[in-house]
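Under our numbering, the residues of the sequence shown are numbered 1 to 176, in order.
See below for the structure under consideration.
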Amino acid sequence: MTDEPLYRRDPEAWQEHLAEGNAKQARKRVGADAILRDHQGRILLVEPDYKPDWDLPGGMIEANEPPIDGLIRELKEELNLELTSRQLTLACVDWVAPHGPWDDSLMFIFDAGQLEPAQISRLRPDSDELKRYAFLEPDEARERLRPYVWLRLEAALKAVDSQTVAYLHDGLPRLS
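Put into structure tokens, the structure is as follows:
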């Protein structure tokens with residue numbers, strides 16, 4: 001007789017074992033935002049109607065949805081902007097510690113580069129979520145964003161310039 005667990009020889013028991021482990025694993029909220037610029041290099045920010053501060057375009061990812069696909073969906077829903085994954089480059093991943101009623105989360109920022117004038121002319125903020133949008137210089141963006149969002153954006157912009165990816169914990173660099 002062997003002490004080997006039954007699930008190692010029984011595929012059905014193995015699947016039950018995996019399902020039990022999956023049910024106990026932590027779940028994380030995930031969000032994805034985009035850096036979008038106009039021909040002057042200004043950054044697109046949006047003013048949501050459900051929170052007091054401006055933000056980067058994007059939003060929360062749905063269950064079992066890849067972050068890049070969720071961002072593409074959010075940009076279409078919120079701004080009528082159609083992008084493909086080939087137009088997006090990962091710039092930043094930020095682990096956000098639990099705060100207030102929220103558990104921890106992972107926040108992604110993708111760089112989408114410069115929008116064409118035709119794309120900008122088709123931008124339409126979703127009136128159910130956004131009051132308006134604006135292209136802003138970095139100093140103006142810093143004034144309108146929550147401090148931790150600005151830290152994340154600033155790190156992402158530096159990563160884009162250096163063709164790297166920033167890894168942050170609460171907006172601060174974690175890897176050297």
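All C-beta atoms in this analysis are idealised placements derived from N, C-alpha and C, irrespective of residue type, glycine included.
All of these numbers come straight from a predicted model, not from anything done at the bench.
- Query: Can you tell me where the alpha helix (DSSP H) with Arg144 in it begins and where it stops?
  - Reply: Mapped onto the sequence shown, residue 144 falls at position 144. Start and end: 138 to 144.
Practice problem: Throw me the rounded Cβ distance for the Gly70 and Ala32 pair, which I believe falls under 8 angstroms. | Solution: Here residue 70 corresponds to residue number 70 of the sequence shown, with the count starting at 1. Here residue 32 corresponds to residue number 32 of the sequence shown, with the count starting at 1. The Cβ separation is near 5 angstroms, so the contact holds.
Do Val93 and Leu106 have their C-beta atoms within less than 8 angstroms of each other?
-> Position 93 of the sequence shown holds residue 93. Position 106 of the sequence shown holds residue 106. Going by C-beta atoms, Val93 is nearer than 8 angstroms to Leu106.
- request: Pull up the DSSP beta-bridge partners for Ala166, would you.
  value: Numbered from its first residue, the sequence shown carries residue 166 at position 166. Ala166 is bridged to Cys92.
### Task
Out of Pro147, Gly21, Glu47, point me to the one whose CA is closest to Arg124's CA.
Within the sequence shown, numbered from 1, the residue matching residue 124 stands at position 124. It is Glu47.
- prompt: Where Asp170 and Asp10 are concerned, what is the direct C-alpha to C-alpha distance, given to the nearest angstrom?
  reply: What you label residue 170 is simply residue 170 of the sequence shown in a count that begins at 1. What you label residue 10 is simply residue 10 of the sequence shown in a count that begins at 1. Whole-angstrom Cα-Cα distance: 43 angstroms.
| Which of the three DSSP states, helix, strand or coil, is assigned to Ser127? | Taking the sequence shown and counting its residues from 1, the one referred to as residue 127 is at position 127. Coil.
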